[in-house]
Amino acid sequence: RKLLEREINNYAKLVAEGRAIGECDHPDDSVINLKNASHKVIRIWWDGDDVIGAVQCLKTPAGEILKGLYDSGVKFGFSSRALGSLRPCPEGTGAQIVQEDLQLICFDAVSEPSAPGAYILNHGNITIHESAEKSLTQIFTKGDRINRALNDIF
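For the sequence shown, my numbering begins at 14 and goes up steadily by one.
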């Protein structure tokens with residue numbers, strides 16, 4: 014959590030500067046290619062242990078693809094793209110522990126996000142206000158909250 018908080022704080026600066034862009038699918042490299050940019054993160058905040066964001070589709074070919082998928086009812090998610098090293102978990106579970114050199118690059122739109130429940134929520138044209146953190150119950154439907162709770166359990 015400590016590392017993720019640090020990186021989200023750094024990423025929030027990019028959001029504020031209008032430079033927090035992502036691509037459709039994870040590319041094979043760590044560079045965000047402007048010609049492939051599909052969306053811009055316009056707001057990012059914490060909801061308990063979850064990072065929540067609001068995105069805007071860009072008026073680019075990739076942005077039009079993303080908007081078309083959304084308008085067609087395709088359920089897709091967002092996944093962080095980051096650099097850093099890992100070390101094996103000492104319990105021998107096969108899990109790995111992220112190290113201090115973590116650097117969050119962006120959030121990409123993907124068909125299968127690695128984090129459970131990291132799918133876009135379809136709420137039509139919702140404007141995210143400054144008090145959004147305090148009014149998430151107005152943004153998330155009861156079904157969304159149940160799905161998120163189940164994902165946290167599993």
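Each residue gets a CB set at the ideal place from its N, CA and C atoms; glycine is no exception.
From a predicted model like this one, the values you see are computed outputs, not experimental measurements.
Quick check: residue i and residue j, are their CB atoms within less than 8 Å of each other?
{"i": "Ala128", "j": "Ser92", "result": "yes"}
{"i": "Gln3", "j": "Ala95", "result": "Summary: the structure shown does not reach residue 3, with the chain confined to residues 14 through 167, and so no result is reported for it."}
{"i": "Pro40", "j": "Gly90", "result": "no"}
{"i": "Glu36", "j": "Asn23", "result": "no"}
{"i": "Ile57", "j": "Gln69", "result": "no"}
{"i": "Val123", "j": "Asp38", "result": "yes"}
{"i": "Lys53", "j": "Leu71", "result": "yes"}
{"i": "Ala50", "j": "Ile34", "result": "yes"}
Specify, as a first and last residue, the run of the beta strand (DSSP E) that residue i falls within.
{"i": "Arg94", "result": "90 to 96"}
{"i": "Leu117", "result": "116 to 123"}
{"i": "Ile34", "result": "34 to 36"}
{"i": "Gln109", "result": "109 to 111"}
Give the range of the alpha helix (DSSP H) segment to which residue i is assigned.
{"i": "Ile21", "result": "15 to 29"}
**Prompt:** How about the stretch 103 to 115 and the stretch 69 to 89: do they share at least three Cβ pairs that are nearer than 8 Å?
**Reply:** No, they do not touch.
**Length-filtered (3 minimum) beta strand (DSSP E) runs lying within the stretch 40 to 98** = Qualifying beta strand (DSSP E) stretches, in chain order: 50 to 60, 63 to 70, 90 to 96.
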